[in-house]
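Numbering follows numbering that gives the first Met the number 0, with no gaps: position 153 of the sequence shown is 152. No residue lacks a Cβ here, since even glycine has one placed at the ideal position from N, Cα and C.
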Amino acid sequence: MLKLLFVCHGNICRSPMAESVCAYEIKKRGITNVSVDSAAAHTDEIGNPPHRGTKNKLHSEGVPLVPHRARLLVKSDGEKYDYFIGMDDYNVRDMKHILGEIAKPVCKLLDFTASPRAIADPWYTRNFDETFYDVTEGVNALLDLLEEKGLAERRL
Numbered sequence: 000m001l002k003l004l005f006v007c008h009g010n011i012c013r014s015p016m017a018e019s020v021c022a023y024e025i026k027k028r029g030i031t032n033v034s035v036d037s038a039a040a041h042t043d044e045i046g047n048p049p050h051r052g053t054k055n056k057l058h059s060e061g062v063p064l065v066p067h068r069a070r071l072l073v074k075s076d077g078e079k080y081d082y083f084i085g086m087d088d089y090n091v092r093d094m095k096h097i098l099g100e101i102a103k104p105v106c107k108l109l110d111f112t113a114s115p116r117a118i119a120d121p122w123y124t125r126n127f128d129e130t131f132y133d134v135t136e137g138v139n140a141l142l143d144l145l146e147e148k149g150l151a152e153r154r155l
């Protein structure tokens, strides 16, 4: 099983949105060997549910929200997951600090697209539409790459 971990600052906006979109796309594509989870780089929101803006946007797009409470990324996650995917440069820096030296990919979600960039934090921008479209673009590019590399398998 290939395990992906999405990370953002508080684990209530971008990373649970990415986790939910990815879980939805995995199911839609019939991928059988990829699992997803999400975590926070900071303790601000630990234990809290996803932001109402994330919940509302996912609902309006027909994407089920994965059951979720914010949790903190911890060093031992470095052994449990295969890809560590942040939303911006600060997340990547924080992940590397928490995880230390690991021989697994630590990158931004939109690094998998033709236009690498950060995903703006809707906690500040209040633009959950833009975040959703960026997350969806990144998730689809990531899953396409995993399929091209033969790492994501579809059920027959």
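Report task. Assuming residue 47 and residue 68 form a contact by the criterion Cβ under 8 Å, report the distance between their Cβ atoms to the nearest whole angstrom. Result -> Taking the Cβ atoms as the reference, residue 47 lies roughly 7 Å from residue 68, within the contact range of under 8 Å.
**Report entry** Runs of beta strand (DSSP E) lying entirely within the region 29-105, each at least 3 residues, in chain order
**Finding:** Listed in chain order, they are 33-39, 82-85.
Query raised in the report: For the 8 Å Cβ check, are there 3 or more pairs between the region 89-98 and the region 125-133?
Result: The answer is no - the region 125-133 does not touch the region 89-98, with fewer than three Cβ pairs under 8 Å.
Report task. Could you tell me which of 90, 49, 62, 148 sits nearest to residue 23, measuring between CA atoms? Result -> Of the candidates 90, 49, 62, 148, the residue whose Cα lies closest to the Cα of residue 23 is 62.
**Report entry** Residue nearest to residue 90 in terms of C-alpha spacing, selected from 71, 81, 102, 75
**Finding:** For the residues 71, 81, 102, 75, the minimum Cα distance to residue 90 belongs to 71.
Query raised in the report: Whose CA, out of 27, 86, 40, 53, lies closest to the CA of residue 74?
Result: Here the closest residue by C-alpha is 40.
Query raised in the report: Roughly how many angstroms separate the alpha carbons of residue 64 and residue 121, rounded to a whole number?
Result: Answer to the nearest angstrom: the Cα atoms are 17 Å apart.
Report task. Identify every residue that forms a DSSP beta bridge with residue 6. Result -> For residue 6, which the question treats as bridged, DSSP gives the partners 38, 85.
Query raised in the report: Can you name the residues that DSSP bridges to residue 1?
Result: Partner(s): 33.
Report task. Quick one: measure Cβ to Cβ for residue 57 and residue 108, integer angstroms, because I've assumed they're closer than 8 Å. Result -> Their Cβ separation, rounded to whole angstroms, is 16 Å, which puts residue 57 and residue 108 out of contact at 8 Å.
Query raised in the report: Would DSSP call residue 153 helix, strand or coil?
Result: Of the three classes helix, strand and coil, the one that applies to residue 153 here is strand, per DSSP.
**Report entry** Residue(s) in a DSSP beta bridge with residue 148
**Finding:** Under DSSP, residue 148 shares a beta bridge with no residue.
Query raised in the report: Out of 25, 12, 17, 82, which has the shortest C-alpha to C-alpha gap to residue 152?
Result: Measuring from the Cα of residue 152, the nearest candidate turns out to be 25.
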